[in-house]
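Chemist: Protein sequences, first through last, are from chains A and L.
Here the working numbering is used: the first residue of the first sequence is 944, the next is one more, and so on.
Here the working numbering is used: the first residue of the second sequence is 14, the next is one more, and so on.
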Amino acid sequence: GEDVEQSLFLSVREGDSSVINCTYTDSSSTYLYWYKQEPGAGLQLLTYIFSNMDMKQDQRLTVLLNKKDKHLSLRIADTQTGDSAIYFCAESIDDYKLSFGAGTTVTVRA
Amino acid sequence: GAVVSQHPSWVICKSGTSVKIECRSLDFQATTMFWYRQFPKQSLMLMATSNEGSKATYEQGVEKDKFLINHASLTLSTLTVTSAHPEDSSFYICSAPTSRNYNEQFFGPGTRLTVL
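Okay, here's the thing in structure tokens:
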């Protein structure tokens, strides 16, 4: 199967770190992705990680992958109000298709 | 990153009419594009894969006669919702991987379809 699960909501104080978690089921996925969606807009690719990697860092974003547990996380350091959005975890399935989680709504409070 | 556009950004139509949505890759060629639909506060569901020069492939449960896909050129795919009904109201999003890195997919801004 290709089920991707995420927690639905996260509230974080401005300046703190946010951690969004995701679990997936397809062990053959070669890439795992994080996308950001702001209200009424399409999806913005934030970062992705190859399945043979454990960690990837890109500025304020850190992705951790535990392939054994099929667990993916996205950490946003120094969370800002502009980070408020819905964050989707996705795994690659055959022929570059993506299977998405339900999305985590991140709310940044002052 | 690469840019994908969609037109229109929103459309309201009467039940029974057909609506065409365009997806364009602006600064790269895309032999493959994907069409998704997203219901309010839900995730994206893949509808079909659009292939330039050949027929689209549809996901299970998606009616190909209802959602016509034409990949007319290396930069344009169109989705036509035929005989639209209120249950077709949704947010339709296309995506395209770039040829330089097929694992990077870029999404269009989406088209909000409301069928009255």
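Backbone N, C-alpha and C define an ideal beta-carbon position, used for all residues, glycine too.
Which class does P21 (chain L) belong to by DSSP, given the choice of helix, strand or coil?
Modeler: Locating residue 21 (chain L) in the second sequence gives position 8, counting from the first residue. Here P21 (chain L) sits in coil by DSSP.
Chemist: Would DSSP call T30 (chain L) helix, strand or coil?
Modeler: Looking up residue 30 (chain L) in the second sequence gives position 17. In this structure, T30 (chain L) counts as coil in the three-state DSSP scheme.
Chemist: Can you list, in chain order, the residues of its chain whose CB lies under 8 Å from that of Y115 (chain L), leaving out five sequence neighbours each side?
Modeler: By one-based count along the second sequence, residue 115 (chain L) stands at place 102. Within the same chain, Y115 (chain L) has no close Cβ partners at all.
Chemist: Identify whether P145 (chain L) lies in helix, strand or coil by the three-state DSSP scheme.
Modeler: As displayed, chain L neither begins before 14 nor continues past 129, which places residue 145 (chain L) out of reach and without an answer.
Chemist: Comparing C-alpha positions only, which one of L:N83, L:Q118, L:C36 sits nearest to T990 (chain A)?
Modeler: Here residue 990 (chain A) is taken as the residue at index 47 of the first sequence, counted from 1. It is L:Q118 whose Cα lies nearest to the Cα of T990 (chain A).
Chemist: Residues in its own chain within less than 8 Å of S102 (chain L) by CB, not counting five upstream and five downstream?
Modeler: The sequence position of residue 102 (chain L) within the second sequence is 89, counting from 1. Answer for S102 (chain L): L126, T127, V128, listed in chain order.
Chemist: Report, in whole angstroms, the separation of the C-beta atoms of T124 (chain L) and W23 (chain L), which I expect to be a contact under 8 Å.
Modeler: By 1-based counting over the second sequence, the position of residue 124 (chain L) is 111. By 1-based counting over the second sequence, the position of residue 23 (chain L) is 10. The pair is a contact, with the Cβ atoms about 7 Å apart (cut-off 8 Å).
Chemist: I think G1046 (chain A) touches I1019 (chain A), with their Cβ atoms under 8 Å apart; what is that distance to the nearest whole Å?
Modeler: Position 103 of the first sequence, counted from the first residue, corresponds to residue 1046 (chain A). Position 76 of the first sequence, counted from the first residue, corresponds to residue 1019 (chain A). That belief does not hold up - the Cβ atoms of G1046 (chain A) and I1019 (chain A) are roughly 15 Å apart, past 8 Å.
Chemist: With a threshold of 7 Å between beta carbons, is F80 (chain L) in contact with chain A?
Modeler: Looking up residue 80 (chain L) in the second sequence gives position 67. False, the Cβ-Cβ gap to chain A never drops below 7 Å.
Chemist: Taking the runs of the beta strand (DSSP E) that are 3 residues or longer, which of them lie wholly in the segment 969 to 1033 of chain A?
Modeler: Runs of the beta strand (DSSP E) inside the segment 969 to 1033 of chain A: 974 to 980, 986 to 993, 998 to 1001, 1004 to 1009, 1014 to 1019.
Chemist: Rounding to the nearest angstrom, what Cα-Cα distance links P99 (chain L) and M998 (chain A) in this structure?
Modeler: Taking the first residue of the second sequence as 1, we reach residue 99 (chain L) at position 86. Taking the first residue of the first sequence as 1, we reach residue 998 (chain A) at position 55. Roughly 44 Å between the two C-alpha positions.
Chemist: Among L:Q42, L:S67, L:K33, which has the Cα closest to the Cα of I106 (chain L)?
Modeler: Against the second sequence, residue 106 (chain L) aligns to sequence position 93. Ranking L:Q42, L:S67, L:K33 by Cα distance to I106 (chain L) puts L:K33 first.
Chemist: Take N64 (chain L) and list the residues in its own chain whose beta-carbon comes closer than 8 Å to its own, dropping the five residues that flank it on each side.
Modeler: To locate residue 64 (chain L), count along the second sequence from 1; it is residue 51. Correct list, in chain order: T44, T45, T70, H84.
Chemist: Hey, quick one: how far does the beta strand (DSSP E) through T93 (chain L) stretch, first residue to last?
Modeler: Taking the second sequence and counting its residues from 1, the one referred to as residue 93 (chain L) is at position 80. Residues 89 to 94.
Chemist: Bridge partners of Q42 (chain L), per DSSP?
Modeler: The count along the second sequence starts at 1 and reaches residue 42 (chain L) at position 29. In DSSP, Q42 (chain L) forms no bridge with anything.
Chemist: On the premise that F120 (chain L) lies in contact with L1007 (chain A), defined as a C-beta separation below 8 Å, what is that separation, rounded to the nearest angstrom?
Modeler: Counting from 1 along the first sequence, the entry for residue 1007 (chain A) is found at position 64. Counting from 1 along the second sequence, the entry for residue 120 (chain L) is found at position 107. With 8 Å as the limit, L1007 (chain A) and F120 (chain L) do not qualify as a contact, their Cβ atoms being about 24 Å apart.
Chemist: Mind listing which residues of the segment 978 to 991 of chain A have their C-beta closer than 8 Å to chain L's C-betas, in chain order?
Modeler: Under the 8 Å Cβ criterion, the segment 978 to 991 of chain A contributes Y978, G983, A984, G985, L986, Q987, L988, Y991.
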